[in-house]
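Everything below concerns the one structure shown next.
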Amino acid sequence: MANSSQTILVTGATGGNGIQILKLLAAQNIYVRAMVRDIHKAHSIFQAQGYAVEPSKIELVEGDFDVPETLLTALDGVNRAFLLTNSTDRAEAQQLAFVEAARHSHVEQIVKLSQLHANQNSPVRYLRYHAAVESAIQASGMAYTFLRPNLYMQGFLGFRSTIKEKNAFYAAAGDAKVRMVDVRDIAAVAVAALTARHEGKIYDLTGPQALTHAQIAAHLSLALGHSVAFVDVPPFVMRDAMTGMGMPVIAG
Ligand SMILES: NC(=O)c1ccc[n+]([C@@H]2O[C@H](COP(=O)([O-])OP(=O)(O)OC[C@H]3O[C@@H](n4cnc5c(N)ncnc54)[C@H](OP(=O)(O)O)[C@@H]3O)[C@@H](O)[C@H]2O)c1
């Protein structure tokens, strides 16, 4: 357990993982500093997500990964930091800026939310960027814990509307099996890493069962009491649908 004089900073605090981490730390009466871009907006998000901010247990500081001086303010006096950005083309640069600010601020340990199979030689760009940031943290001399989760189970909530309207969900997944992991389990591991000694560790985080999308459809059918189908979509159709929704086309 971290001693009470330790200051923990959580970034990405208004996101899927961040809120769960804040809830768990509050439940353990562990004081935390949360970095948010906009305190007013953060309060609304917390309220909407059922997280009641207790001022005695949390300090909100404004910080933006794209504005390095705000990172130095957020990191002032911090011993351990949880690092997470959302998935954009800016993610690697933003995280590298945070690592540099953390090193400058004499942070002792970074717990980085990475991704399963992070690798500098991966054909998948997000796996390359996570690996590049892991490498920079290791080279910085700060202690580290890397959490490498598989696909988030909560990502399936993105299929809500087609399941509701068409009793079906669509993906380019074929017969591949995936061990999806619940974000609440990732948060529990993050809290353990921030409050106990897990330095120098790299943890792959997966769910307990490898399932094909057809098997997931069978589980959803059972839970909902009516048939839900998985429709396998050829990758090029998926790509066209995603670009049609405004997503950028980027190689790798
Ligand atoms: N989805 C998956 O299945 C999966 C699997 C493995 C790993 N991952 C990794 O998980 C990470 C995303 O986690 P998540 O889903 O918990 O994130 P998320 O819900 O998308 O939350 C992103 C957080 O980052 C904050 N943020 C965005 N831009 C910022 C900026 N410029 N400065 C400061 N804060 C900023 C957001 O704050 P605001 O409220 O201000 O926007 C929000 O709190 C990615 O690194 C991804 O690679 C995802």
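Just so we're aligned, residue 622 is where the sequence shown starts under the numbering used here, counting upward by one. Glycine included, every Cβ here is placed at the ideal spot set by N, Cα and C. Just so it is clear, the structure is predicted and the values come from calculations on it, not from any experiment.
Within 8 angstroms, strictly: CB atoms of residue i and residue j
{"i": "residue 852", "j": "residue 789", "result": "yes"}
{"i": "residue 771", "j": "residue 737", "result": "yes"}
{"i": "residue 629", "j": "residue 701", "result": "yes"}
{"i": "residue 632", "j": "residue 748", "result": "no"}
{"i": "residue 800", "j": "residue 827", "result": "yes"}
Burial state of residue i, where buried means 16 or more other Cβ atoms lie within 10 Å
{"i": "residue 781", "result": "exposed"}
{"i": "residue 816", "result": "buried"}
{"i": "residue 866", "result": "exposed"}
{"i": "residue 634", "result": "buried"}
Rounded C-alpha distance that separates residue i from residue j
{"i": "residue 825", "j": "residue 862", "result": "31 angstroms"}
{"i": "residue 722", "j": "residue 689", "result": "7 angstroms"}
{"i": "residue 786", "j": "residue 762", "result": "52 angstroms"}
{"i": "residue 623", "j": "residue 768", "result": "In this prediction, residue 623 has a pLDDT of 46, which is less than 50 and means its spatial position is unreliable; nothing more can be read from the coordinates."}
{"i": "residue 638", "j": "residue 804", "result": "6 angstroms"}
{"i": "residue 674", "j": "residue 643", "result": "9 angstroms"}
{"i": "residue 854", "j": "residue 797", "result": "13 angstroms"}
{"i": "residue 662", "j": "residue 647", "result": "20 angstroms"}
Spatial neighbours of residue i in its chain, beta-carbon cut-off 6 angstroms, leaving aside the 5 residues before and after
{"i": "residue 819", "result": "766"}
Chain-order list of residues whose beta-carbon lies under 7 angstroms from that of residue i (same chain, five-residue window excluded)
{"i": "residue 645", "result": "808, 809, 812"}
Using 8 angstroms as the Cβ pair cut-off and three pairs as the minimum, do the region 689-701 and the region 667-681 touch?
-> Here the region 689-701 makes no contact with the region 667-681; the two share fewer than three CB pairs at distances below 8 angstroms.
Answer yes if the region 708-727 comes into contact with the region 739-758, meaning at least three C-beta pairs across the two stretches below 8 angstroms, and no otherwise.
-> Yes, the region 739-758 touches the region 708-727.
Per the contact definition of three or more C-beta pairs closer than 8 angstroms, is the region 804-821 in contact with the region 840-852?
-> The region 840-852 is not in contact with the region 804-821.
Touching by the beta-carbon criterion (3+ pairs, under 8 angstroms), the region 652-668 and the region 677-688 = Yes, since at least three Cβ pairs between the region 652-668 and the region 677-688 fall closer than 8 angstroms, the two stretches touch.
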